[in-house]
Amino acid sequence: REAVEADLEGLPEHPPARLFPWDLRPGNATVADGRVTALLDWGDPLAAARGLSAAKAAYVTVDWYLSDPEAPDRLRSAFREGYRDRRPLPERSPAERRLYRAAAIAASAVDSRGRVTRPRYRELNDDAAVEFHRRHPRLALNGETRV
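In our numbering, the protein residues as written are 8 to 154.
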């Protein structure tokens with residue numbers, strides 16, 4: 008708790024917010040020639056700091072669907088490289104990256120009706136989904152994940 012509070016002190020109080028799709032996932036993106044061409048499902052867009060938006064996008068496109076233990080590191084690297092091709096990475100420090108990632112993970116654990124979300128494809132059962140959601144914030148706050 009003390010580490011999180013110390014990290015929070017380094018965040019800007021009111022970071023500039025940007026529009027982003029909260030429900031970004033493979034089913035809501037169209038791809039042609041190996042490139043994303045459109046993001047769909049803008050029914051409930053949000054505005055948030057770029058760091059939170061990037062953390063959420065990376066989490067739901069990498070950790071959420073993949074069970075291969077080697078794949079997430081490769082895809083996180085590809086995500087960060089692709090992001091850097093367009094603009095600088097949004098986080099200014101490892102602490103900021105950890106906090107935004109933990110916030111994105113926590114906000115992804117339940118849906119708009121308050122039900123536990125079910126990661127993976129094929130979806131995890133209830134108990135496995137709860138364990139997934141308990142494990143990832145701890146990993147993020149310990150700095151064991153990179154995006």
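Even glycine gets a Cβ: it sits at the ideal position worked out from N, Cα and C.
One alpha carbon belongs to N149, the other to R105, and they sit about 8 angstroms apart. V117: not part of any beta strand (DSSP E); DSSP gives it neither H nor E. Taken in chain order, the whole alpha helix (DSSP H) runs of length 4 or more contained in the stretch 20 to 94 are 57 to 65 and 78 to 93.
Bounds of the alpha helix (DSSP H) holding P144 are D133 to L148.
By the criterion of at least three beta-carbon pairs nearer than 8 angstroms, the stretch 43 to 58 is in contact with the stretch 96 to 104. For the pair L47 and N35, the Cα-to-Cα distance works out to about 5 angstroms.
Under DSSP, the beta-bridge partners assigned to V123 are V117.
In terms of Cβ geometry, R83 and V69 form a close pair [threshold 8 angstroms].
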